[in-house]
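Participant: Following this message is one structure expressed as structure tokens.
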Amino acid sequence: MSLNKYEASRIDQIPVFEQNELEAARLARLANLGWLRNLPEKWVPYAELMRLEKPVGTFLLLIPSLWGITMAAYGIMAPLATTVSAIALFSVGALIMRGAGCTINDILDRNLDNKVARTVERPIASGRVSVPQAVGFLAAQCFAGLGVLLSLPFECFYLGALSLPFVFTYPLFKRFTYYPQVMISITFSWGCLLGFPAVLAPLNLLVAAPLFLSNFLWSMIYDSIYAHQDKRYDIKAGIKSTALAWGENTKPILYGLYALQVSSFLTAGFVNSMGPFFYLGAAWGFQRLFSQIKKVDLDTPSSCWAMFTGNIKTGWILWFGMFIDYLVKIGGFF
265 MSLNKYEASR IDQIPVFEQN ELEAARLARL ANLGWLRNLP EKWVPYAELM
315 RLEKPVGTFL LLIPSLWGIT MAAYGIMAPL ATTVSAIALF SVGALIMRGA
365 GCTINDILDR NLDNKVARTV ERPIASGRVS VPQAVGFLAA QCFAGLGVLL
415 SLPFECFYLG ALSLPFVFTY PLFKRFTYYP QVMISITFSW GCLLGFPAVL
465 APLNLLVAAP LFLSNFLWSM IYDSIYAHQD KRYDIKAGIK STALAWGENT
515 KPILYGLYAL QVSSFLTAGF VNSMGPFFYL GAAWGFQRLF SQIKKVDLDT
565 PSSCWAMFTG NIKTGWILWF GMFIDYLVKI GGFF
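Just so you know, we're using the numbering used here here: the sequence shown kicks off at 265 and counts up by one.
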């Protein structure tokens, strides 16, 4: 593969930050703590390990689960109480397991995080949490996640267990492949499958498979844009990503992924006989996503971050349309 303009400028030495850069990173971390400032001081690094001050990842993990739950509930006309219960449990589970995933990531990436300005202040990389402490905290999170999983129908247990290899290994892939986004996209799309047994619906792959694919492609889009934030540092640190693999071809590729995502999402809705609100939500959400891809400046980290976080609203819009359809259907309006 030929070097793009960023790889061509690679410096093989480990980046050494100036004192003012480290201080800027520390001040940025403190400024972004938000409500974590109200926690006991000793709790704060562990809350940061879970990224509680940055809930975007939790929402992006939860939303595909809500898609799966709602599409399945619509298909079998599941009682509202069953659907709401599943949504509540998945909300708690997304918070816990996203935190566990971030903890795994920080343990494995501790010697990479200290080479990137945006991550140098993470709890383990900065020495505020030791590896043994992080492992113990991870065990507690996994135990709590198991409690949530056991509260769901048994079919969710073995289907959820199949996702664990992806959860525990995806941080490693950035070391030897330019496509670690594939692994994280699989991980973040698993909820599309879990949503079906969560409401006691059969796993209808004619619906679940295109829904899974749609979320997979969506995750590839937003996580590739996310990776563009750190590309200059990633080159020096030896971290691989689609941002480096695609380089200046990123936007054309994103448009291609977008077209496939729209097709997959609409296919899932058509097969599931969704109503008009599903398609209205799809029109609004996908118009918004197209605009985000068009406007993002891939060479400006703040623009990449704004687009990444903006995907929360896009995901909610897509879910809201299908949820209104579900409410209308169980209410007997069509």
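Don't be surprised by glycine CBs; every beta carbon is placed ideally from N, CA and C.
Predicted model, so just to flag it, every value in this text is computed and none were measured.
If you draw a straight line from the alpha carbon of residue 566 to that of residue 511, how long is it in whole angstroms?
Facilitator: 18 Å
Participant: I'd like the list of long-range same chain contacts for residue 549, defined as Cβ closer than 7 Å, with 5 residues on each side in sequence excluded.
Facilitator: 578, 581, 582
Participant: For residue 407 and residue 526, what's the separation of their Cα atoms in angstroms?
Facilitator: 37 Å
Participant: Closest to residue 317 by C-alpha separation, out of 362, 352, 346, would be which residue?
Facilitator: 362
Participant: Whole angstroms is fine: what's the gap from residue 332's alpha carbon to residue 476's?
Facilitator: 9 Å
Participant: Return the CA-CA distance between residue 585 and residue 501, expressed in angstroms with no decimal places.
Facilitator: C-alpha separation (whole angstroms): 43 Å.
Participant: My output table needs one value for residue 440: the three-state DSSP class, helix, strand or coil.
Facilitator: Reduced to three states, the DSSP call for residue 440 is coil.
Participant: If you run the structure through DSSP and keep just helix, strand and coil, what is residue 468?
Facilitator: If DSSP states are grouped into helix, strand and coil, residue 468 belongs with coil.
Participant: Alpha helix (DSSP H) containing residue 434: first to last residue?
Facilitator: Per DSSP, residue 434 belongs to no alpha helix (DSSP H) and is neither H nor E.
Participant: Within 10 Å of its beta-carbon, does residue 482 have 16 or more other beta-carbons around it, so buried, or fewer, so exposed?
Facilitator: buried
Participant: Report buried or exposed for residue 455, applying the criterion of at least 16 other Cβ atoms within 10 angstroms of its Cβ.
Facilitator: When all chains shown are included, residue 455 counts as buried.
Participant: Given 8 Å as the limit, is there contact between the segment 335-350 and the segment 295-314, that is, 3 or more CB pairs closer than that?
Facilitator: Inter-segment contact for the segment 335-350 and the segment 295-314 is absent: fewer than three beta-carbon pairs are separated by less than 8 Å.
Participant: Apart from the five residues just before and just after residue 542, which ones in its own chain have a Cβ nearer than 6 Å to its Cβ?
Facilitator: 533, 585, 586, 589
Participant: Could you pull out every residue in the same chain whose Cβ sits closer than 7 Å to the Cβ of residue 490, ignoring the five residues on either side in sequence?
Facilitator: 568, 572
Participant: Give the secondary structure of residue 270 by DSSP, where H, G and I count as helix, E and B as strand, and everything else as coil.
Facilitator: A caution first: residue 270 carries a pLDDT of 42, below 50, which makes its placement in the model unreliable, though a value can still be read off. DSSP places residue 270 in coil when its eight states are reduced to three.
Participant: If you measure from the CB of residue 333, is any heavy atom of the ligand SAM nearer than 7 Å?
Facilitator: As for the ligand SAM, it is missing from this structure, which has no ligand bound.
Participant: Could you tell me which uninterrupted beta strand (DSSP E) segments, each at least 3 residues in length, are contained entirely in the segment 447-516, listed from first to last along the chain?
Facilitator: none
Participant: Would you decide whether residue 358 is buried or exposed? Buried here means 16 or more other CB atoms lie within 10 Å of its CB.
Facilitator: Flag for residue 358 reads buried.
Participant: So, are the CB atoms of residue 421 and residue 413 less than 8 Å apart?
Facilitator: Closer than 8 Å, so yes.
Participant: Take residue 444 and list the residues in its own chain whose beta-carbon comes closer than 6 Å to its own, dropping the five residues that flank it on each side.
Facilitator: 437, 438
Participant: List, from N- to C-terminal side, the alpha helix (DSSP H) runs of 4 residues or more that fit wholly inside the segment 521-581.
Facilitator: 540-559
Participant: Check whether the Cβ atoms of residue 465 and residue 350 sit closer than 8 Å, and answer yes or no.
Facilitator: no
Participant: For residue 509, which residues in the same chain have their Cβ closer than 6 Å to its Cβ, ignoring the five residues on either side in sequence?
Facilitator: 442
Participant: By alpha-carbon positions, which one of 356, 337, 336 ends up nearest to residue 326?
Facilitator: 356
Participant: Distance check for residue 448 and residue 424, CA to CA, integer angstroms please.
Facilitator: 15 Å
Participant: Using DSSP with H/G/I as helix, E/B as strand and the rest coil, what is residue 373?
Facilitator: coil
Participant: Write down the C-beta distance between residue 380 and residue 498 rounded to the nearest angstrom, noting that I regard them as a contact closer than 8 Å.
Facilitator: 7 Å
Participant: If you draw a straight line from the C-alpha of residue 556 to the C-alpha of residue 405, how long is it?
Facilitator: 34 Å
Participant: Can you look up residue 296 in the DSSP assignment and give me helix, strand or coil?
Facilitator: coil
Participant: Return the residue from the list 485, 458, 506 that minimises the CA-CA distance to residue 337.
Facilitator: 458
Participant: Could you tell me the distance, in whole angstroms, from the CA atom of residue 354 to the CA atom of residue 298?
Facilitator: Cα-Cα distance, rounded: 25 Å.
Participant: What are the boundary residues of the alpha helix (DSSP H) that includes residue 322?
Facilitator: 320-340
Participant: Using a Cβ-Cβ cut-off of 8 Å (strictly less than) and excluding sequence neighbours within five positions of residue 518, which residues of its own chain qualify?
Facilitator: 485, 488, 489, 557
Participant: Kindly indicate if chain D contains any beta-carbon less than 8 Å away from that of residue 591.
Facilitator: This model lacks chain D altogether; it includes just one protein chain.
Participant: Flag this pair as yes or no: are the beta carbons of residue 335 and residue 431 separated by less than 8 Å?
Facilitator: no
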